[in-house]
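**Student:** Residue numbers (the working numbering): 14 to 721.
In structure tokens, the structure reads:
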């Protein structure tokens, strides 16, 4: 079977651009389909996302440098390579921002800077040239790049890409027309384009041509846009030639699941006297299984050697050692055909048909003698004769299915189960498992069904763990309870996780009550009430649910105490200002400022007027230095000078969350390269009270042990 390869890149959390919701999920979903359902070797499928694990010691965090490193390090696959096998299709998938700058199209890596696109972006021309340099296979580029939340530079992105595809002979599928935008939908858990793409692949499984993919996307993508209340989005597809359109773009399902050995086994079990094609149906005259592209040769079927003049069509060379079935000899030349030969052939066929009908009637005479078509059961004549091959099944009252029909039924069952799957929806994975259970032991594809059930059970548990990491313990427990007992190892892990999360959920509820109690203790303009509230939330221990929220409240309330002290100093009440400022707890962001103010107020000096919030936000943004975690830490400290209730506070909080996340991602990047000491140093810069603080602390504990 020919080789296939893919690179899937998906980016959600850009360093300098507005985040996307499902760029990472898009790439992960396509990668999972190619590996788990299309059966492409994982070694030939590369995944580069915000959180994808490293491959060996090489990072997969999709920076410009990392993306180029992987593309340029890929080994060529040419027809004269190992075993003379070449890659048939090389897939390149990108879900993220694309931009056109000075007429040149760029894909934006995770560290792409909108203020320096030529230096930080990936030119599409250079990308296509690098992909073509890897081998002589066809290239399929799927680009979900024209994102509406992004920035625009004046020229619609994609125009140069279309030109390059035509010029270089590359098949390109853009997620939208040049005058449209590409959208995402929370209900789908993906971008609209990727959702339609996955639907098409699951519908055709791997038996899909480029032409079928085009028809499906053009029909389904606008429909999805309307269904999810988005502006119409229509794909733009460029093919180098018409000859490419009918080609399969993935290994066929026949090669993966219905191979020559399967057909040969079915042939060996046929009743004597029947031709294989009459029993199996849908066979073409050259000994292949018809009705499915990528037909399988009946290599193991009994055959006899015949001369090339009898078995090979004119002008068609015979392969070395070729074996042709005796039933497949070609017809004599038209000039030598006798008038009676067609009559003899038709007569033989009619006679064979009559014999088959008689055999069926005799075998099922009891059925035909009964008007209803089913024998009436009596005490001495049961409905089923267990020893009869053609007996009726007591449950279905139908003739038992042949091996081939059972294979088709089970294939349809698995496809129906897979179409149910949606990312992060545990209940749908559970329903898919229920569907797959219909395949019983001994049936075709039973082992595959068991593997799917185990994998889907693991996904359900992963969904629960993801919810737990976000503090949604009730949702995590609900997901884990859907893990079935089919695989005891996964089920045991789920039960252990449920017990742990139940304890966390109980503790979370208790800590939420503490926070609510603390809030009720607050009395405006009474610094001591803030101190009592701080003492209450400090009962929430390190690592407990709600700890990050408690630290954020402590910092806010400490800031409020400092502002009250400033207010009293502004009125000339310096002794009261000193007493109030002395209440600011140590370890908070306002403590140092309070101590400096106390020293001034003891000398009777008025406080320095705080900077306007807009100036603080501008100053914080100017402090940012790309790839310098300490600069993000300083910028966060600047923004924290904006107190709750002040203008600019709502704007500052998302920036604090974003920059703390950026520090955490930088730390992860170090860890993915095995540089754990740098990772720990970076992660310690994630400020307490930010959304990424707890994750950073857990990561530090692992990295100190040399674990990823």
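Each residue gets a CB set at the ideal place from its N, CA and C atoms; glycine is no exception.
Could you tell me the alpha carbon to alpha carbon distance between residue 75 and residue 24, rounded to whole angstroms?
**Tutor:** Rounded to whole angstroms, residue 75 to residue 24 spans 7 angstroms at the Cα level.
**Student:** For residue 136, which of helix, strand or coil comes out of DSSP?
**Tutor:** strand
**Student:** Helix, strand or coil, according to DSSP, for residue 257 in the structure here?
**Tutor:** helix
**Student:** Would you call residue 108 buried or exposed, if buried means 16 or more other Cβ atoms sit within 10 Å of its Cβ?
**Tutor:** buried
**Student:** Taking the DSSP output, what are the residues bridged to residue 183?
**Tutor:** None, per the DSSP bridge assignment.
**Student:** Closer than 6 angstroms by C-beta to residue 653: which residues in its own chain qualify, once you throw out the five before and the five after it? Chain order, please.
**Tutor:** 602
**Student:** What does a CB cutoff of less than 6 angstroms around residue 702 pick up in its chain, not counting 5 residues either side in sequence?
**Tutor:** 564, 565 and 568
**Student:** Please say whether residue 104 and residue 19 have beta carbons closer to each other than 9 angstroms?
**Tutor:** yes
**Student:** Can you round the beta-carbon distance between residue 21 and residue 141 to whole angstroms, since I take them to be within the 8 angstroms contact cut?
**Tutor:** Beta-carbon to beta-carbon, residue 21 and residue 141 are separated by about 17 angstroms, too far to satisfy the 8 angstroms threshold.
**Student:** According to DSSP, simplified to helix, strand and coil, what is residue 422?
**Tutor:** helix
**Student:** DSSP beta-bridge partners for residue 197?
**Tutor:** Paired residues: 204.
**Student:** Run through DSSP, which three-state label would residue 646 get?
**Tutor:** helix
**Student:** For the candidate residues 471, 521 and 524, whose alpha-carbon lies nearest to that of residue 505?
**Tutor:** 471
**Student:** Taking the alpha carbon of residue 610 as the point to measure from, which residue in 584, 634, 578 and 600 has its own alpha carbon closest?
**Tutor:** Per the Cα distances, 578.
**Student:** Pick out whichever of 434, 455 and 85 has its Cα sitting closest to the Cα of residue 448.
**Tutor:** Of the listed residues, the one whose Cα sits closest to residue 448 is 434.
**Student:** When DSSP builds the beta bridges, which residues end up paired with residue 155?
**Tutor:** 106 and 186
**Student:** From which residue to which residue does the beta strand (DSSP E) around residue 65 run?
**Tutor:** Careful: residue 65 lies outside any beta strand (DSSP E) and carries neither H nor E.
**Student:** Give me the residue from 204, 137, 207 and 191 with the minimum Cα distance to residue 180.
**Tutor:** Here the closest residue by C-alpha is 137.
**Student:** Considering only the alpha carbon of each residue, which of 598, 630 and 529 lies closest to residue 572?
**Tutor:** Of the candidates 598, 630 and 529, the one whose C-alpha sits nearest the C-alpha of residue 572 is 598.
**Student:** Is residue 174 buried or exposed, if buried means 16 or more other CB atoms sit within 10 Å of its CB?
**Tutor:** buried
**Student:** Using three-state DSSP, classify residue 114 as helix, strand or coil.
**Tutor:** strand
**Student:** Look up residue 19 in the DSSP assignment and say whether it is helix, strand or coil.
**Tutor:** strand
**Student:** Can you tell me whether residue 175 is helix, strand or coil according to DSSP?
**Tutor:** helix
**Student:** According to DSSP, is residue 251 helix, strand or coil?
**Tutor:** strand
**Student:** For residue 113 and residue 178, I'd like the C-alpha separation in whole angstroms.
**Tutor:** 16 angstroms
**Student:** Here's a check: name, in chain order, each residue in its chain whose Cβ is nearer than 7 angstroms to the Cβ of residue 135, leaving out the five neighbours to either side.
**Tutor:** 77, 80, 119, 120 and 122
**Student:** On the premise that residue 524 lies in contact with residue 558, defined as a C-beta separation below 8 angstroms, what is that separation, rounded to the nearest angstrom?
**Tutor:** Yes, residue 558 and residue 524 are in contact; Cβ-Cβ is about 6 angstroms, under 8 angstroms.
**Student:** Taking residue 663 and residue 626 to be in contact with their CB atoms under 8 angstroms, please state how far apart those CB atoms are, rounded to whole angstroms.
**Tutor:** Contact doesn't hold; Cβ gap of about 10 angstroms is too wide.
**Student:** From residue 45 to residue 643, what does the alpha carbon distance come to, in whole angstroms?
**Tutor:** 37 angstroms
**Student:** Could you check how far apart the C-beta atoms of residue 645 and residue 614 are, in whole angstroms? I think they sit under 8 angstroms.
**Tutor:** Going by Cβ atoms, the distance from residue 645 to residue 614 rounds to 33 angstroms, so no, they are not a contact pair.
**Student:** Check each candidate in 534, 521 and 533 and name the one with the smallest Cα separation from residue 555.
**Tutor:** Checking every option, the nearest Cα to that of residue 555 belongs to 521.
**Student:** Output needed for residue 591: all residues of its chain with C-beta closer than 8 angstroms, excluding positions within five of it in sequence on either side, in chain order.
**Tutor:** 578, 611, 614 and 615
**Student:** Could you tell me the alpha carbon to alpha carbon distance between residue 185 and residue 515, rounded to whole angstroms?
**Tutor:** 49 angstroms
**Student:** Tell me which residues share the same chain as residue 199 and place their Cβ nearer than 8 angstroms to its Cβ, disregarding the 5 neighbours each side in the sequence.
**Tutor:** 34
**Student:** Please work out which residues of its chain come closer than 8 angstroms, Cβ to Cβ, to residue 144, disregarding the five sequence neighbours upstream and downstream, and give them in chain order.
**Tutor:** 84, 103, 105, 152, 154 and 183
**Student:** Which residues in the same chain as residue 451 place their Cβ atom closer than 6 angstroms to its Cβ, once the five residues preceding and following it in sequence are excluded?
**Tutor:** 426
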